[in-house]
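Q: For reference, the structure I am asking about is given below.
Residue numbers (mature numbering (1 follows the signal peptide of the UniProt record, and there is no 0)): -29 to -1, 1 to 203.
Structural data, given as structure tokens:
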């Protein structure tokens, strides 16, 4: 009978285990590097060719609402749809729903109660932060950060009002950075007349979703030197 030479048992296990450990280590190291907290001005969302629809609960307050809390990498890329086995579950955030309707409203058409919006945000972005934040913690963290940074009040204190007037982009960035100690990024969109307007404010947050930080990387600029701040 021919005898076959086999590697010692420990070596065989190592040959199988090492690649798995390497993948696991890389995965853990690359979960994400920071969050973008994205706050949206409803007046700019609605003042476009596509317009908007108010939530079934009624017209939101004239305030910046949460768009999302988005995990990102320092190289400008981001993870998405990380866990298809973790769907949005309203029962897990039941105690937050009232605050979510107020601070995280959907303006998409047709009118809705926000469930579709929150489902999208959790499944695309939130599932990529599950290593540190469960579903309840994810939504709660965004709400706490929104309360911590009152962007509208900061701008109004600097004389920048949502009155349809034009303001310099530099003055908007300076007002926010002086108030919070970190530089924001401003995203603009275009109204029906083709004017660039203040649409979203990006703030960077650490991986615990608790503290603001200086942004490691910013999206490309999408505003001119002067932008409109429409009413709502």
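Here a beta-carbon is modelled for each residue, glycine too, at the ideal position from N, C-alpha and C.
None of the values given here were measured: they were computed from a predicted structure.
Nearest CA to the CA of residue 43: which residue from 37, 120, 74, 53?
A: As a position in the chain shown, residue 43 is number 72, starting the count at 1. The residue with the shortest Cα to Cα distance from residue 43 is 53.
Q: Since residue 171 and residue 201 are thought to touch, with beta carbons under 8 Å apart, how far apart are those beta carbons, to the nearest angstrom?
A: Locating residue 171 in the chain shown gives position 200, counting from the first residue. Locating residue 201 in the chain shown gives position 230, counting from the first residue. Not a contact, Cβ separation roughly 13 Å.
Q: Going residue by residue through the segment 101 to 189, where are the continuous beta strand (DSSP E) segments of at least 3 residues, counting only ones entirely within it?
A: Segments of the beta strand (DSSP E) lying fully in the segment 101 to 189: 137 to 139, 156 to 161, 167 to 176.
Q: Do the CB positions of residue 196 and residue 140 come within less than 8 Å of each other?
A: Translated into the one-based positions of the chain shown, residue 196 becomes position 225. Translated into the one-based positions of the chain shown, residue 140 becomes position 169. Closer than 8 Å, so yes.
Q: Going by DSSP in three states, residue 200 sits in which element: helix, strand or coil?
A: The count along the chain shown starts at 1 and reaches residue 200 at position 229. In the structure shown, residue 200 sits in coil (DSSP, three-state: anything other than H, G, I, E or B).
Q: I'd like the list of long-range same chain contacts for residue 67, defined as Cβ closer than 8 Å, with 5 residues on each side in sequence excluded.
A: For this step, residue 67 is matched to residue 96 along the chain shown. 107, 110, 111, 114, listed in sequence order.
Q: What would DSSP say about residue 36, mapped onto helix, strand or coil?
A: Locating residue 36 in the chain shown gives position 65, where the first residue counts as 1. It is a strand residue.
Q: In angstroms with no decimal places, state the Cα-to-Cα distance between residue 103 and residue 94.
A: Against the chain shown, residue 103 aligns to sequence position 132. Against the chain shown, residue 94 aligns to sequence position 123. If you take the alpha carbons of residue 103 and residue 94, they lie about 15 Å apart.
Q: If we call anything under 8 Å between Cβ atoms a contact, is residue 142 one with residue 150?
A: Stepping through the chain shown from its first residue, residue 142 is reached at position 171. Stepping through the chain shown from its first residue, residue 150 is reached at position 179. No; because the gap between Cβ atoms is not below 8 Å, this pair is not in contact.
Q: Tell me whether residue -26 sits in a helix, a strand or coil according to DSSP, three-state version.
A: For the purposes of this step, residue -26 is taken as the residue at position 4 of the chain shown. Residue placement at residue -26 cannot be trusted, given a pLDDT of 48 that sits under 50; what the coordinates show is reported in the next sentence. Residue -26 falls in the coil class under three-state DSSP.
Q: May I ask you to report which of helix, strand or coil DSSP gives residue 6?
A: Indexing the chain shown from 1 puts residue 6 at position 35. Three-state DSSP puts residue 6 in a strand.
Q: In whole angstroms, give me the CA-to-CA distance for residue -4 and residue 101.
A: Translated into the one-based positions of the chain shown, residue -4 becomes position 26. Translated into the one-based positions of the chain shown, residue 101 becomes position 130. For residue -4, the predicted model reports a pLDDT of 35, less than 50, meaning its position is unreliable; a value from the coordinates is still stated below. Distance between the alpha carbons of residue -4 and residue 101: 16 Å.
Q: Classify residue 41 as helix, strand or coil using the three-state DSSP reduction.
A: Here residue 41 corresponds to residue number 70 of the chain shown, with the count starting at 1. DSSP places residue 41 in strand when its eight states are reduced to three.
Q: Throw me the rounded Cβ distance for the residue 117 and residue 74 pair, which I believe falls under 8 Å.
A: Walking along the chain shown from the start, residue 117 turns up at place 146. Walking along the chain shown from the start, residue 74 turns up at place 103. About 5 Å separates the two Cβ atoms, so the contact holds.
Q: Less than 8 Å between the C-beta atoms of residue 175 and residue 7, yes or no?
A: What you label residue 175 is simply residue 204 of the chain shown in a count that begins at 1. What you label residue 7 is simply residue 36 of the chain shown in a count that begins at 1. Closer than 8 Å, so yes.
Q: Considering only their Cβ atoms, is the gap separating residue 162 from residue 19 smaller than 8 Å?
A: The residue given as residue 19 occupies position 48 in the chain shown. The residue given as residue 162 occupies position 191 in the chain shown. In this structure, residue 162 lies closer than 8 Å to residue 19 by Cβ.
Q: Are the CB atoms of residue 144 and residue 47 within a distance shorter than 8 Å?
A: For the purposes of this step, residue 47 is identified with residue 76 of the chain shown, where counting begins at 1. For the purposes of this step, residue 144 is identified with residue 173 of the chain shown, where counting begins at 1. Taking 8 Å as the Cβ cut-off, residue 47 and residue 144 do not qualify as a contacting pair.
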